[in-house]
Amino acid sequence: RRSGRSRPGSRPARGRGGGPALGPPVMARFRAGYAGEEAEASGSDQEARLQTRHYQLLSDLQALVKDLPSSSQQRLSYTILSDLALALIDGTVFDIVQGLLEIQHLTEKNLYNQRLKLHHEHRVLKQEMLQKHKEAQQCCKPHNMPLLKAAQQKELEAMEQRIHEEQHMMDEKIVLELDQKVIDQQSTLEKAGVSGFYVSTSTQDLTLQMNLLELIQKLQQKECLPRRPFP
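For the sequence shown, counting from 1, position 173 maps to 174 in this note's numbering; every step adds exactly one.
Below, the structure is given as structure tokens:
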């Protein structure tokens, strides 16, 4: 009776090409090694594409910087531009900046309309008062006219003072809301990892950040957004 064990001196099993057949453990290790090599190659390709993308963005930014004033060019160092290019690689920052600018434009438009409405209301109030004064003078007796005009002048001055104060309050409100939008932009872009952005009221910092936003917008236009996802 034949045993399930191989007989001494028997040949090992052969594969299709006549070579030794690969048993399950050997084949598994072979497949795992091949998959690892594929993953490594894929990772290398991805890294190469990212490096190419970074270099292209950096070159574009360096070209755009030349259009800025010399004082701004001096502050936009190679490190800042390289970090900015790195942040722009996947396109997310382009979308963030676009969203922030749309919010800013809507806010500015809303505030402008509010101020325009207030100005119209003040003009109507003043016209109504002048019309009332004119009608009162037409009905006034001559000997009472000096007293009437003095009272009307006082009333008009009070109205103009009120208008001035309300306009000043509106202007302060506009400045505060726009300042808050700037802080929101700074904070959002800082969290997004965009170099040069952080909450600050320094004139130099604000100028630098405005220059960076200008570069991002110009680069966005140059790439004819909307973009295809990268890679």
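Using N, Cα and C, we set each Cβ at its ideal position, and we do this for glycine too. Only a predicted model underlies this, so the values are computations on that prediction, with no experimental measurement involved.
As assigned by DSSP and simplified to three states, the class of residue i
i: Ala193; result: coil
i: Val183; result: helix
i: Ile175; result: helix
i: Gln218; result: helix
i: Asp316; result: Here the chain has residues from 2 to 232 only, and residue 316 is not among them.
i: Ser238; result: Here the chain covers residues 2 to 232 and nothing more, so residue 238 does not appear.
i: Glu48; result: helix
i: Tyr1; result: In the structure as shown, the chain begins at 2 and stops at 232. Residue 1 is therefore absent and cannot be evaluated.
i: Ile90; result: coil
i: Thr204; result: helix
i: Glu156; result: helix
i: Glu224; result: coil
Buried or exposed by the 16-neighbour rule on C-beta atoms within 10 Å, applied to residue i
i: Asn212; result: buried
i: Gly197; result: buried
i: Ser45; result: exposed
i: Leu89; result: buried
i: Gln75; result: exposed
i: Val98; result: buried
i: Leu216; result: buried
i: Gln132; result: exposed
i: Gln57; result: exposed
i: Gln222; result: exposed
i: Gln210; result: buried
i: Ser4; result: With a pLDDT of only 48 at Ser4, under the threshold of 50, the placement of this residue in the model should not be trusted; the figure read from the coordinates follows. When all chains shown are included, Ser4 counts as exposed.
i: Phe31; result: Reliability fails at Phe31, whose pLDDT of 47 lies under 50, so the model's placement of it is uncertain and the value that follows must be treated cautiously. The residue in question, Phe31, is exposed, as its Cβ has fewer than 16 Cβ neighbours within 10 Å.
i: Phe220; result: Contrary to the premise, residue 220 reads as Leu rather than Phe in this sequence. Looking at its Cβ environment, which holds 16 or more other Cβ atoms inside 10 Å, Leu220 is buried.
Limits of the alpha helix (DSSP H) - the one that residue i falls within
i: Asn145; result: Here Asn145 belongs to no alpha helix (DSSP H), and DSSP marks it neither H nor E.
i: Glu109; result: Thr93 to Cys140
Rounded Cβ spacing between residue i and residue j (contact assumed at less than 8 Å)
i: Met146; j: Gln138; result: 7 Å
i: His134; j: Gln153; result: 5 Å
i: Gln187; j: Ser203; result: Not quite, the Cβ-Cβ distance comes to about 11 Å (not below 8 Å), so this is no contact.
i: Leu119; j: Glu167; result: 7 Å
i: Thr208; j: Ser73; result: 7 Å
i: Leu87; j: His55; result: 6 Å
i: Leu69; j: Thr189; result: Leu69 to Thr189, Cβ: 23 Å. No contact.
Three or more C-beta pairs closer than 8 Å, one from the stretch 189-203 and one from the stretch 89-97: is that the case here? yes
* Asked: Okay, do the stretch 175-182 and the stretch 142-162 touch, 3+ Cβ pairs below 8 Å being the bar?
  -> Contact between the stretch 175-182 and the stretch 142-162 is absent, because fewer than three Cβ pairs lie under 8 Å.
Inset, instruction - Decide if the stretch 74-84 is in contact with the stretch 105-113; the criterion is three or more beta carbon pairs, one per stretch, under 8 Å apart. - result: no
* Quick check: the stretch 170-178 against the stretch 56-70, are there 3 or more CB pairs under 8 Å? -> no
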